[in-house]
Amino acid sequence: DPHNHLRFFNKVTSTFRHPEVPNTTINLLLFPFSLEGEARIWIDKEPPRSILTWEDLVSKFINQFFPPSKTTYLRNEITNFLQKPNETFNEAWERFKDLLRQCPHHGFSELHQLDTFYNALNPNDQDALDSAVGGNFLDKIPRECLSIIESKSQVRYSRSRVIDVRENANAPLPSFSPSNSFDLQQIDASLEDKLDIRMNRFEK
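Heads up, the sequence shown is in full-length UniProt numbering, so the first residue is 1 and it goes up one at a time.
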């Protein structure tokens, strides 16, 4: 996901400061060193001087790996979202949030998102939200609506977890591979090492 990569990259490079060089220039210099595989091949094939600013690079990177057609598809998925039969409130909310995360540039306001989610719910869950505010749920401000949804989702999730624990109390414990827990740390360390090397060369 190019958006996740950019967020992670910006988080790492935000720790770098150079008094005479703008942050956008530093990002432009370091970004190629954060890429691997198809992304590295793509940027290596870009014609000389085809990318002159950080904004140019971000735009081309997103269009290459998150084309407009994908944006259109995900926007439609968000707009047409519906709670599935037998899907719990928590499951529907998590699935809806996942769609929003997949398309962070969807352009929908917070109020529009809440309206879409509320109207996608089954009547029982809509009534539960209305009861929580003592009236029409969508008459409340978005921040309050979001807080109520999150609270309701956590309560439902906690109850379902208790049921799962009871049902699986006698089930054999799954095997655990400790290597998986270090994947994110390894990626983080690898990227920081590459950026450290590049910054040392730059400062010389």
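The C-beta atom is built at its ideal place from N, Cα and C for all residues, glycine as well.
Here the structure is a predicted model, which is why all the values come from computation and not from measurement.
| Any 3 or more C-beta pairs closer than 8 Å across the segment 37-54 and the segment 66-80 | no
| task | Report the three-state DSSP secondary structure of asparagine 180 (helix, strand or coil). | result | What you label residue 180 is simply residue 180 of the sequence shown in a count that begins at 1. Low confidence applies here, because asparagine 180 scores a pLDDT of 42, under 50, leaving its location unreliable; read the following figure in that light. Helix.
| query | When you compare only the Cα positions, how much space is there between tryptophan 42 and threonine 116? | reply | Position 42 of the sequence shown holds residue 42. Position 116 of the sequence shown holds residue 116. If you take the alpha carbons of tryptophan 42 and threonine 116, they lie about 37 Å apart.
| request: Return the first residue and the last residue of the alpha helix (DSSP H) that asparagine 4 is part of. | output: As a first step, residue 4 is located in the sequence shown; it is residue number 4 there, counting from the start. First-last of the alpha helix (DSSP H) with asparagine 4: 2-13.
| query | Could you give the distance in angstroms between the alpha-carbon of leucine 30 and the alpha-carbon of glutamate 46? | reply | Counted from its first residue, the sequence shown places residue 30 at position 30. Counted from its first residue, the sequence shown places residue 46 at position 46. Those two C-alpha atoms are separated by around 16 Å.
| task | Within its chain, find whatever has a CB closer than 7 Å to the CB of tyrosine 118; leave out the 5 residues flanking it on each side and keep chain order. | result | As a first step, residue 118 must be located in the sequence shown, where it is residue number 118. Result list for tyrosine 118: Gln126, Leu129, Phe137, Leu138, in chain order.
| said: Between the alpha carbons of threonine 79 and histidine 105, how many angstroms are there, rounded? | reply: Reading the sequence shown from its first residue, position 79 is the one you call residue 79. Reading the sequence shown from its first residue, position 105 is the one you call residue 105. So the alpha carbons of these two residues sit roughly 14 Å apart.
| said: According to DSSP, is histidine 112 part of a helix, a strand, or is it coil? | reply: As a first step, residue 112 must be located in the sequence shown, where it is residue number 112. Helix.
| request: Just grab the DSSP bridge partners of histidine 18 for me. | output: Start at 1 with the first residue of the sequence shown, and residue 18 comes out as number 18. Answer by DSSP bridge pairing, in chain order: Val21.
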